[in-house]
Amino acid sequence: MKKILQNSIKVIAIFVWLILSVNVNGQEKLNRKGDNRAFKDKVFVGGALGFGFGSNSTRVEVSPTFGYSVSDDIIVGLGLTYNYYRYKDYYYNLDNGELTDHKTNIYGASIWARYFLTKIGIPFIENTFLHAEVEPLIFQNNFLVVPKSQGDYTNGYGDYFIKEKNQVTLTGVFLGGGLKQMLGGRSYMYIEVLWNFNEDLYSPYSNPRIRIGIAAGI
0 MKKILQNSIK
10 VIAIFVWLIL
20 SVNVNGQEKL
30 NRKGDNRAFK
40 DKVFVGGALG
50 FGFGSNSTRV
60 EVSPTFGYSV
70 SDDIIVGLGL
80 TYNYYRYKDY
90 YYNLDNGELT
100 DHKTNIYGAS
110 IWARYFLTKI
120 GIPFIENTFL
130 HAEVEPLIFQ
140 NNFLVVPKSQ
150 GDYTNGYGDY
160 FIKEKNQVTL
170 TGVFLGGGLK
180 QMLGGRSYMY
190 IEVLWNFNED
200 LYSPYSNPRI
210 RIGIAAGI
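Numbering-wise, numbering that gives the first Met the number 0 puts 178 at position 179 of the sequence shown, and it's gapless, one number per residue.
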């Protein structure tokens with residue numbers, strides 16, 4: 000897994016290097032003419048809110064983002080994320096048959112780059128973008144996975160647990176693209192489809208990951 004993660008990060012590094020290289024000439028010309036935009040005109044804030052409610056589950060996501068416009072078609076940025084998951088009656092006590100809810104808090108941060116295909120010259124294509132992101136996450140759980148012989152609880156999927164607080168860390172490595180819809184001024188809504196190249200048992204997102212959000216200039 001470590002090798003996969005290292006290779007995935009290399010892919011993203013190459014991706015970012017390529018999109019920056021593609022824009023070097025254009026950016027140099029812009030610099031010679033003089034880029035008079037103030038710092039605040041290059042900064043974007045935004046993010047996404049997610050809610051999911053089912054008969055046995057609840058999910059809440061809050062993911063603010065902060066971006067900086069390197070050029071007209073490249074934005075790099077940072078993000079924060081918080082997820083809360085609750086699954087009703089997830090754990091079955093092997094001794095007394097009682098059911099217990101599964102609750103998880105997930106915290107994380109991300110670094111990302113977004114390249115807009117504005118120079119293609121085709122109306123539809125110029126509203127699309129490529130996206131690369133690395134997102135480390137920390138899970139806080141109340142139940143720990145153990146071998147069957149040590150388990151006090153099961154979940155019906157062949158997994159066994161003991162009741163013990165624990166913490167799991169993992170890193171998502173995402174590549175994909177999306178489509179933006181301008182809302183006025185420098186603000187836009189976007190939808191993107193991302194693929195996690197470092198997915199594992201604890202990954203909170205299924206492939207592909209679909210995300211809808213808003214970015215607004217300040």
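A virtual CB, placed ideally from N, CA and C, is assigned to each residue, including glycine.
- Collapsing the DSSP output to three states places I124 in a helix.
- Here the alpha carbon of R85 sits roughly 25 Å from the alpha carbon of F173.
- Contact annotation, G78 with A108: C-beta distance approximately 7 Å; criterion of less than 8 Å satisfied.
- By the Cβ test, the stretch 163-179 is in contact with the stretch 132-145, since at least three Cβ pairs between them sit closer than 8 Å.
- Distance check between F52 and each of D71, I74, K87 places K87 closest, using alpha-carbon atoms only.
- Going by DSSP, D88 is part of the beta strand (DSSP E) stretching over 73-92.
- Counted as a single uninterrupted DSSP element, the stretch harbouring D199 is not any beta strand (DSSP E), since DSSP gives it neither H nor E.
- Here DSSP, grouped into helix, strand and coil, assigns S56 to strand.
- As DSSP reads the structure, N104 sits in a beta bridge with Y83, Q139.
- When the Cα atoms are used, I119 and T127 turn out to be separated by approximately 10 Å.
- Excluding the 5 residues flanking it on each side, L182 has same chain C-beta neighbours closer than 7 Å at M188, in chain order.
- Pairing W111 with G184, the inter-Cα distance amounts to about 23 Å.
- For R113, the number of other beta carbons within 10 angstroms of its own is at least 16, and it is reported as buried.
- Ranked by Cα distance from I209, the first of L48, D100, K41 is L48.
- The beta-carbon distance between K102 and S68, rounded to whole angstroms, is 39 Å. This is too long to meet the 8 Å contact definition.
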